[in-house]
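Residue numbers (the working numbering), protein chains in the order written: chain A, 1 to 229; chain B, 230 to 343.
What follows is the structure, given as structure tokens:
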């Protein structure tokens, strides 16, 4: 039976039998798409398997990549305006060369209303990190900030379109590395430090990042035909 | 010359055979999140010339069965899927990525001679 299993895994795009230690939570969007496809197949409704209507893009493979990054803690207390710093890292190696990217959306879950009633306004900054390995040591070079936005309240999940940077990282065979910083906006009144520390600690606890990638496998789906004039 | 009608019983005629594979039996439930199993239906049975038109056959199958009756060197029409439906699979790979993938033409819904 080993041989057939190997063939089946190849068909799924896997090298060997996956052995996850525990199942990752499945995001509601993937659950919904799966249930819709299953219902359509059962009722015999014809469906375009090469487009994801729920997301408005073409594609037949959807992947949710977990963040493999880590928090950074600054040694000097001088950077008091910084609430949270984290390197985000997404391993793109599971995506084969032939697949065409149609969507790459970063989801940042900032948790439920942790600072709903609190004063400090927060700002989120995202920049690209270029990782290189010299003599076995990883060095990181921060790029320009490409997202800078106020964090709304209540926060929940924020989404960012990272299609271009993800494509570029995948093309160069690298992981997608991002530097996330949450900053405190403006001056703080005395006595607000305690509240702020609470807010930042809460954010660090609840922060969860993932990258939703949609790709089109050209062997299974033809590229969209151009309409004639 | 008239072609003799074959005496194939109804059971041996081309039709869909239902087969469900439970992923748990294969140990695949450890990485496939959904569905729980796969409908591995298959087509099997005879395609006698006399019943080619009745067995959900293509025009080509009719012609092939006719040719086979005239010249046994020509292969018989065979029992094949005539309607297939897709499946979606939700699974987790070794990098802990959650993957949703759609596969076309995976489940046999109907069979016929072709």
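Built from N, CA and C at the ideal position, the CB exists for glycine as well.
Since the model is a prediction, treat every value here as computed from it, not as a measurement.
Spatial distance of residue i from residue j (CA atoms)
i: residue 146/A; j: residue 96/A; result: 27 Å
i: residue 173/A; j: residue 277/B; result: 56 Å
i: residue 78/A; j: residue 315/B; result: Because the pLDDT of residue 78/A is 49, which lies under 50, any placement of that residue in the model is unreliable, and the number read from its coordinates should be weighed accordingly. Whole-angstrom Cα-Cα distance: 58 Å.
i: residue 141/A; j: residue 322/B; result: 30 Å
i: residue 263/B; j: residue 102/A; result: 24 Å
i: residue 338/B; j: residue 328/B; result: 26 Å
i: residue 267/B; j: residue 33/A; result: 18 Å
i: residue 164/A; j: residue 104/A; result: 8 Å
i: residue 62/A; j: residue 331/B; result: 9 Å
i: residue 255/B; j: residue 202/A; result: 43 Å
i: residue 221/A; j: residue 46/A; result: 15 Å
i: residue 43/A; j: residue 31/A; result: 18 Å
i: residue 289/B; j: residue 66/A; result: 51 Å
i: residue 206/A; j: residue 160/A; result: 18 Å
i: residue 265/B; j: residue 23/A; result: 15 Å
i: residue 200/A; j: residue 83/A; result: 5 Å
i: residue 298/B; j: residue 285/B; result: 19 Å
i: residue 317/B; j: residue 73/A; result: 42 Å
i: residue 91/A; j: residue 177/A; result: 9 Å
i: residue 130/A; j: residue 8/A; result: 36 Å
i: residue 253/B; j: residue 259/B; result: 8 Å
i: residue 180/A; j: residue 171/A; result: 23 Å
i: residue 340/B; j: residue 294/B; result: 16 Å
i: residue 218/A; j: residue 167/A; result: 16 Å
i: residue 50/A; j: residue 292/B; result: 35 Å
i: residue 325/B; j: residue 305/B; result: 49 Å
i: residue 214/A; j: residue 303/B; result: 47 Å
i: residue 59/A; j: residue 81/A; result: 41 Å
DSSP state of residue i mapped onto helix, strand, coil
i: residue 210/A; result: strand
i: residue 202/A; result: helix
i: residue 17/A; result: coil
i: residue 81/A; result: coil
i: residue 54/A; result: coil
i: residue 278/B; result: helix
i: residue 324/B; result: coil
i: residue 312/B; result: strand
i: residue 61/A; result: strand
i: residue 303/B; result: coil
i: residue 262/B; result: strand
i: residue 36/A; result: helix
i: residue 293/B; result: helix
i: residue 254/B; result: helix
i: residue 94/A; result: coil
i: residue 46/A; result: coil
i: residue 31/A; result: helix
i: residue 8/A; result: helix
8 Å Cβ cut-off: residues of chain B touching residue i
i: residue 203/A; result: Per Cβ cutoff of 8 Å: no residues; residue 203/A is ~23 Å from chain B at best.
i: residue 53/A; result: Chain B residues near residue 53/A: none, gap ~12 Å exceeds 8 Å.
i: residue 168/A; result: Within 8 Å Cβ-Cβ: nothing; residue 168/A doesn't reach chain B, min ~20 Å.
Assigned exposure category for residue i - 16 Cβ within 10 Å defines buried
i: residue 273/B; result: exposed
i: residue 235/A; result: No statement about residue 235/A is possible, as the shown extent of chain A runs from 1 to 229 and does not include it.
i: residue 108/A; result: buried
i: residue 182/A; result: buried
i: residue 239/A; result: Absent from the structure is residue 239/A, since the part of chain A shown begins at 1 and ends at 229.
i: residue 149/A; result: exposed
i: residue 99/A; result: buried
i: residue 247/B; result: exposed
i: residue 381/B; result: A question about residue 381/B goes unanswered here, because the residues of chain B that appear run from 230 up to 343.
i: residue 239/B; result: exposed
i: residue 86/A; result: buried
i: residue 271/B; result: exposed
i: residue 152/A; result: exposed
Chain-ordered chain B contacts of residue i [CB-CB under 9 Å]
i: residue 66/A; result: 324, 325, 326 and 327
Listed by chain order, chain A residues near residue i by CB distance under 7 Å
i: residue 248/B; result: What residue 248/B touches in chain A: nothing, since even the nearest Cβ is about 15 Å away.
i: residue 253/B; result: Correct list: empty, because the minimum Cβ distance to chain A is about 14 Å.
i: residue 273/B; result: The contacting residues do not exist; residue 273/B stays about 19 Å from chain A at best.
i: residue 331/B; result: 37, 49 and 60
i: residue 263/B; result: 34
Cross-chain neighbours of residue i in chain A, by beta carbon under 8 Å
i: residue 315/B; result: 37, 41, 47 and 49
i: residue 321/B; result: 18, 20, 23 and 24
i: residue 240/B; result: The premise fails here: residue 240/B is roughly 26 Å from chain A at the closest Cβ pair, so nothing lies under 8 Å.
Listed by chain order, chain B residues near residue i by CB distance under 7 Å
i: residue 91/A; result: 324
i: residue 28/A; result: Per Cβ cutoff of 7 Å: no residues; residue 28/A is ~12 Å from chain B at best.
i: residue 104/A; result: Within chain B, no residue comes near residue 104/A; the closest Cβ sits about 13 Å away, beyond 7 Å.
i: residue 14/A; result: 322
Beta-carbon neighbours of residue i, restricted to chain A and to distances below 9 Å
i: residue 339/B; result: Here the premise fails: no neighbours, minimum Cβ distance about 10 Å.
Closer than 8 Å: residue i CB and nearest the ligand ATP heavy atom
i: residue 51/A; result: Among the components modelled here there is no ligand, and therefore nothing to report on the ligand ATP.
Cross-chain neighbours of residue i in chain D, by beta carbon under 7 Å
i: residue 97/A; result: The displayed structure is made up of protein chains A and B, and chain D is not among them.
Would you call the region 13-20 of chain A and the region 302-315 of chain B touching, i.e. three or more CB-CB distances under 8 Å? Too few Cβ pairs lie closer than 8 Å, so no.
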